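Numbering (the working numbering), first residue to last: 18 to 103.
Let me begin by presenting the structure, written as structure tokens, before commenting on it.
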Amino acid sequence: MFDGSLCSVESCLECTESPPTPLCIGVRNKFENYYYDDCSIYSGSMLTYCDSDTDMITNNYAQEVCSECGECVDPLIANTSPPTSG
């Protein structure tokens with residue numbers, strides 16, 4: 018029976034719930050891969066590049082920054098760059 022605690026498959030065959038999806042890291046609206054693409058390209062056949070494309074500045078993988086990849090979820094508070102004063 019699942020008791021709500023975290024566990025691994027190796028140590029707990031009774032767990033029926035998967036662990037929660039982690040929050041995305043980095044600043045998604047600043048993500049640019051080697052080809053200057055942003056997070057919006059990751060759908061369909063482009064999903065195969067989520068684990069190899071990295072941001073040119075931070076070196077974070079697309080799957081860590083872009084919720085489109087399905088490996089993380091956007092935080093409730095937008096993970097975008099702050100506004101600049103003008």
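Don't be surprised by glycine CBs; every beta carbon is placed ideally from N, CA and C.
Please read all numbers here as calculations on a predicted model, not as lab measurements.
First and last residue of the uninterrupted alpha helix (DSSP H) at residue i
| i | result |
| --- | --- |
| Glu81 | 79-82 |
Residue i versus residue j: straight-line alpha-carbon distance, rounded
| i | j | result |
| --- | --- | --- |
| Asp91 | Cys83 | 8 Å |
| Pro39 | Tyr52 | 26 Å |
| Glu49 | Ser57 | 10 Å |
| Asp55 | Glu34 | 32 Å |
| Gly87 | Ile74 | 22 Å |
| Arg45 | Cys89 | 12 Å |
| Glu81 | Ile94 | 16 Å |
Buried versus exposed, by CB contacts within 10 Å (16 or more), residue i
| i | result |
| --- | --- |
| Asp68 | exposed |
| Tyr78 | buried |
| Gly61 | exposed |
Candidates the options: closest to residue i by CA position
| i | options | result |
| --- | --- | --- |
| Asp85 | Lys47, Pro36, Pro37, Met63 | Asp is not the amino acid found at residue 85; the sequence shown has Glu there. Residue Met63 is the option with its Cα nearest to Glu85. |
Residue i Cβ short of 8 Å to the ligand SAH heavy atom set
| i | result |
| --- | --- |
| Glu49 | This structure lacks the ligand SAH, and indeed carries no ligand of any kind. |
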